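Residue numbers (our numbering): 8 to 336.
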């Protein structure tokens, strides 16, 4: 039985209190990049995997490692390279000469937070092995299936500039990431603060703020965040506008969109909006939640036509037009 709105508000007030403490602890190590940290937390609260795109040196790896330390989670980093094999990710069977038997050797994917660094540098078969584990939340080594730890979150990174020697993710693969976050440069003020921190004798380390049980409780509360029927219709309208722009007062986008967002986008926008409301300490979803998280849910799910590329139209432009045009309830 779902709690009433008063109980839910109280639960959210209690369970979301950790967010500000967690962000403060992360802020001792990471200067700025608040949006990236919040999106990772949304992924953690919903169980949705996150693709981080940005040039090197923007603290993506450090942010993920710091969050793992602050929530006392097991962290694993996989550096994707052209010679990486699926067994290097999920594990393999190793022969034990003592027992004369094959034993399962678990790979680095057996962790709570898994960083797939430069995921587009590994061949498709390695990407597929990781993405299958992301979807099923279990891996098969030999004849035995093993469940992955809970919570389980994959955070993949890719460099938008370097394309030589890379294997771009297919649309069906990127669709499995709940969020695609563009990580930008820090502000001048934040970059100046980084210089000051570099002069410290010892690098700051995050201290444990909460544990995994607290995260699991918060995940349960997020699922109960109230979303009105009109808000559900609003989410569906947004996704449908990417598929049928002409029917949604966007005829000029018709020749620019080759493929609209899949039903996964609808489901992702629903749960991500709830998590955004939770982090804002609200018991209900507002249009602002949907608009705030919407670009990160949609940008990797749209495929533009060659005509759009010729006219230098970006996915960001299309998504912005959709949100500007679809009526807010």
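Even glycine gets a Cβ: it sits at the ideal position worked out from N, Cα and C. Predicted model, so just to flag it, every value in this text is computed and none were measured.
Review point. When the distance is taken between beta carbons, is residue 97 closer than 8 angstroms to residue 136?
Key: Working through the chain shown from its first residue, we reach residue 136 at position 129. Working through the chain shown from its first residue, we reach residue 97 at position 90. Against a cut-off of 8 angstroms, the Cβ pair of residue 97 and residue 136 comes out as a contact.
**Prompt:** Mind checking residue 106: buried by the 16 CB within 10 Å criterion, or exposed?
**Reply:** The residue labelled residue 106 in the question sits at position 99 within the chain shown. Residue 106 should be labelled exposed.
key: Spatial distance of residue 236 from residue 297 (CA atoms)   = In the chain shown, the residue the question calls residue 236 occupies position 229. In the chain shown, the residue the question calls residue 297 occupies position 290. Straight-line Cα distance between these residues: approximately 14 angstroms.
Inside the region 130-205 only - alpha helix (DSSP H) runs reaching at least 4 residues: 131-143, 178-181, 195-205
Do residue 285 and residue 229 have their CB atoms nearer than 8 angstroms? Counting from 1 along the chain shown, the entry for residue 285 is found at position 278. Counting from 1 along the chain shown, the entry for residue 229 is found at position 222. In this structure, residue 229 lies closer than 8 angstroms to residue 285 by Cβ.
Integer-rounded CB distance, given that residue 116 should sit under 8 angstroms from residue 140: What you label residue 140 is simply residue 133 of the chain shown in a count that begins at 1. What you label residue 116 is simply residue 109 of the chain shown in a count that begins at 1. Indeed they touch by this definition, with Cβ atoms about 6 angstroms apart.
Among the candidates 144, 162, 62, 76, whose CA atom is the shortest distance from the CA of residue 49?
Walking along the chain shown from the start, residue 49 turns up at place 42. The shortest C-alpha separation from residue 49 is found at 162.
With residue 126 and residue 87 assumed to form a contact (beta carbons below 8 angstroms), what rounded beta-carbon distance in angstroms separates them?
Taking the first residue of the chain shown as 1, we reach residue 126 at position 119. Taking the first residue of the chain shown as 1, we reach residue 87 at position 80. Indeed, because the Cβ distance is near 5 angstroms, the residues count as touching under 8 angstroms.
Considering only the alpha carbon of each residue, which of 89, 253, 152 lies closest to residue 112? For the purposes of this step, residue 112 is taken as residue 105 along the chain shown, with counting starting at 1. Cα-wise, what sits closest to residue 112 is 152.
Inter-residue spacing [alpha-carbon to alpha-carbon] between residue 8 and residue 315
Here residue 8 refers to the residue found at position 1 of the chain shown. Here residue 315 refers to the residue found at position 308 of the chain shown. Low per-residue confidence applies at residue 8: pLDDT is 49, beneath 50, and the placement is therefore not dependable, though the value from the model is reported in the following sentence. Taking the straight line from one Cα to the other gives about 48 angstroms.
Closest to residue 128 by CA distance: which of 92, 294, 56, 303 is it?
Translated into the one-based positions of the chain shown, residue 128 becomes position 121. Comparing Cα-Cα distances from residue 128 to each of 92, 294, 56, 303, the minimum goes to 92.
Distance check for residue 263 and residue 44, CA to CA, integer angstroms please.
The sequence position of residue 44 within the chain shown is 37, counting from 1. The sequence position of residue 263 within the chain shown is 256, counting from 1. Whole-angstrom Cα-Cα distance: 32 angstroms.
Excluding sequence positions up to five away, which residues of its chain have a Cβ less than 6 angstroms from the Cβ of residue 271? Taking the chain shown and counting its residues from 1, one reaches residue 271 at position 264. Excluding sequence neighbours, residue 271 sits near 182.
Self-check item: Which listed residue (323, 280, 34, 205) has its alpha carbon closest to that of residue 213
Solution: As a working mapping, residue 213 is identified with position 206 in the chain shown. Looking at the Cα atoms, 34 is the closest of the given residues.
Quick one, are the C-beta atoms of residue 47 and residue 24 less than 8 angstroms apart? Taking the chain shown and counting its residues from 1, one reaches residue 47 at position 40. Taking the chain shown and counting its residues from 1, one reaches residue 24 at position 17. Contact: no.
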